[in-house]
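So the structure is just underneath, and the comments pick up after that.
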Amino acid sequence: MPMPIVTKTVILASARDDLQGLVESLRQQGCQVHACNDGARALELALRLFPQLLVVDSDIPLLPAARLAQILRANPRTEGLSFFFVGHEGEEIEGFQRHRDQFLLRPFNREQLLLTIATFFGRRERTEQVSRQEKEVAGSLDQISLVDLLQVFGLNRKDGILHLARGEERAAVFILEGCVINARVGRVGGEKAFFRLLRWENGTFWFVPGPPEVEALIATPLDHLLMEGMRQNDEENAQRDALPQPEAMLGLKVPRERLPHGLRPTTQEVLMLLEYYPRVEELLDHCPRPDFEVLQVLKVLLEKGLVEELQAAAGEAPLPLLTAEEVLAAKDFFNDTELLLESASSKLVLLATAPEQLRQFTQALQGLPEFEPESAFLLGADRLGLGDIGRLNIGESFALRLFCLPATAATAPLWTAFGRRLFGVAALGDPAGMATAIDFFEASLHLPVARVVFAPPLAAGTYLLQRNDRQGVRRLLASFATRFTGEPVPEEVA
0 MPMPIVTKTV
10 ILASARDDLQ
20 GLVESLRQQG
30 CQVHACNDGA
40 RALELALRLF
50 PQLLVVDSDI
60 PLLPAARLAQ
70 ILRANPRTEG
80 LSFFFVGHEG
90 EEIEGFQRHR
100 DQFLLRPFNR
110 EQLLLTIATF
120 FGRRERTEQV
130 SRQEKEVAGS
140 LDQISLVDLL
150 QVFGLNRKDG
160 ILHLARGEER
170 AAVFILEGCV
180 INARVGRVGG
190 EKAFFRLLRW
200 ENGTFWFVPG
210 PPEVEALIAT
220 PLDHLLMEGM
230 RQNDEENAQR
240 DALPQPEAML
250 GLKVPRERLP
260 HGLRPTTQEV
270 LMLLEYYPRV
280 EELLDHCPRP
290 DFEVLQVLKV
300 LLEKGLVEEL
310 QAAAGEAPLP
320 LLTAEEVLAA
330 KDFFNDTELL
340 LESASSKLVL
350 LATAPEQLRQ
360 FTQALQGLPE
370 FEPESAFLLG
380 ADRLGLGDIG
390 RLNIGESFAL
400 RLFCLPATAA
410 TAPLWTAFGR
420 RLFGVAALGD
430 PAGMATAIDF
440 FEASLHLPVA
450 RVVFAPPLAA
460 GTYLLQRNDR
470 QGVRRLLASF
480 ATRFTGEPVP
490 EEVA
């Protein structure tokens, strides 16, 4: 079956000779060219001819360029029209769409403008070839941009998953009836992931048709989604040198209790995550807010002296939180011998009577790359709830679930239910207020309970944990591991 001929209809709308002089050259490129010298005539031609491209002077008479674009984009027959606006530096065109339009500075290079128009139609032809295929399609982002692909899928109301690959990175965009409903790159999802993917200028893609079975996290119309994502990325690129760099390490410069009251929710969320993810790159990955918004918040916090840049500690690689022998012994104890090369997990129960005790415990984990807090815990850190507060990923094959169990009379009936597959039990803070719970786990379930305090003085047999205390956490976990290895309890305990 012969390939359909792609129509290349262009309207040149200008009262100036420099644009009018392009008519013959564009016709030699195979374009159907119609020229006019005012906005009213351009509107008439566009509604009659339905062109693919309108090259228009920003100061065209009778009907302003911005109003011309607004009218044509409100018409279903011409809403997909692209505009090349020609004007002077500093001009802004209301309704300019970054993902579809271009702004060309006057005086312009004639050959460069002709090449830009030829490139526009070349991209359009490649994307139309993709749109005509009913089966799986694949290609290179060097040849067809992600924006062009999504516009094609949007116009054709496609269902499917657009898979993307760039080096070792893998990503996906989920499309339902032409609308992007979710995206994922690495551990990041939703709009945040989609905005990141708009920066991909190279890589490969393959589209698998069919309704995607995924939670819809994006409800923004495609055009608005593209415009907002490109706006944020453009502004981030323009301010790149003034924003914190991904590899920078940041930390609070003032005590948390002395932070100003009435901070915006986004600022509070960033400050909360900063306690656990001091590296900017990791903070960006774990904060659900768009990258540009988070970077702006960090920039302001640095300028106001609430946050400071930290110097990364040099020296030898840190000791593992558990040795390979300790991990293997724990797996063997829990009869996970068939999972020696696969991932397994166990619970570390945290007995607490107040939210402050949990916060002090997690402060000891700050800066540990193995620690991954639960977002629900971060959002409700002022409450003492029952459930996971995070996990410690010990290597690739073992993880510790950090489980908060309030040591109160109200939760006593639940204690037995949480006594299985326990790595250990840590009593946080003053043990006097949780004597009943400690006695239950030690006497009834025969499990080791470690007393953990967060400031001197130390009683005999207690563990001291302080902020960003890798060594202290290591000592605590090693004491629990003796149950599996048969080794004596470390002598570091006071």
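All residue numbers for the sequence shown refer to numbering that gives the first Met the number 0, where the first residue is 0 and numbers rise by one.
Ideal placement from N, C-alpha and C gives every residue a C-beta, glycine not left out.
Which of helix, strand or coil DSSP assigns to residue i
| i | result |
| --- | --- |
| F291 | helix |
| K346 | strand |
| G138 | strand |
| D147 | helix |
| Q238 | coil |
| A170 | strand |
| L249 | strand |
| V452 | strand |
| R15 | coil |
| T203 | strand |
| H33 | strand |
| H260 | coil |
| L270 | helix |
| E371 | strand |
| L56 | One detail in the question is off: residue 56 reads as Asp in this sequence, not Leu. Strand, per DSSP. |
| L339 | Annotation note: pLDDT 48 at L339 (below 50); position unreliable, no value reported. |
| T265 | helix |
| E281 | helix |
| I437 | helix |
| I160 | strand |
| F479 | helix |
| L114 | helix |
| G188 | strand |
| L385 | coil |
| R47 | helix |
| P354 | helix |
Per-residue burial, residue i [other beta carbons within 10 Å of its own, 16 or more giving buried]
| i | result |
| --- | --- |
| T435 | exposed |
| Q150 | buried |
| L339 | Note that L339 scores 48 on pLDDT, short of 50, meaning its location in the model is unreliable and no value can be drawn from it. |
| D147 | buried |
| P430 | buried |
| Q295 | buried |
| T415 | exposed |
| R473 | buried |
| S443 | exposed |
| P210 | exposed |
Strand pairing of residue i, partner residues [DSSP]
| i | result |
| --- | --- |
| Q101 | F83 |
| G177 | Its beta-bridge partners do not exist; DSSP assigns none. |
| R390 | E371, R400 |
| A497 | No answer is possible for residue 497: it lies beyond the span of the chain, which begins at 0 and ends at 493. |
| A182 | V172 |
Residue i vs residue j beta-carbon contact at 8 Å
| i | j | result |
| --- | --- | --- |
| G432 | T481 | no |
| K157 | G177 | yes |
| I497 | L320 | Missing from the structure shown is residue 497; the chain here goes from 0 to 493 and no further. |
| L270 | L249 | no |
| I10 | H33 | yes |
| F193 | D290 | no |
| L242 | E235 | yes |
| P245 | V299 | no |
| F204 | G159 | no |
| E369 | F483 | no |
| D37 | A14 | yes |
| L446 | L421 | yes |
| F152 | L52 | no |
| L42 | L25 | no |
| L154 | L197 | no |
| R466 | A363 | yes |
Between the CA atoms of residue j and residue i - distance to the nearest angstrom
| i | j | result |
| --- | --- | --- |
| G189 | E292 | 15 Å |
| V424 | H285 | 28 Å |
| S57 | A117 | 21 Å |
| Q22 | H223 | At residue 22 the sequence reads Val, which differs from the Gln that was named. The straight-line gap from Cα to Cα measures roughly 33 Å. |
| K191 | S374 | 16 Å |
| G384 | Q310 | 36 Å |
| P264 | R288 | 11 Å |
| F495 | N108 | Because the chain here runs from 0 to 493, residue 495 falls outside it and cannot be looked at. |
| R123 | A218 | 27 Å |
| L350 | N181 | 38 Å |
| L112 | F84 | 11 Å |
| G79 | L297 | 38 Å |
| Q96 | A454 | 58 Å |
| G166 | D100 | 30 Å |
| L216 | L18 | 45 Å |
| R390 | L401 | 5 Å |
| R255 | Y462 | 24 Å |
| A39 | L175 | 38 Å |
Within-8 Å CB hit, residue i to chain C
| i | result |
| --- | --- |
| G166 | The structure shown has no chain C; it contains just one protein chain. |
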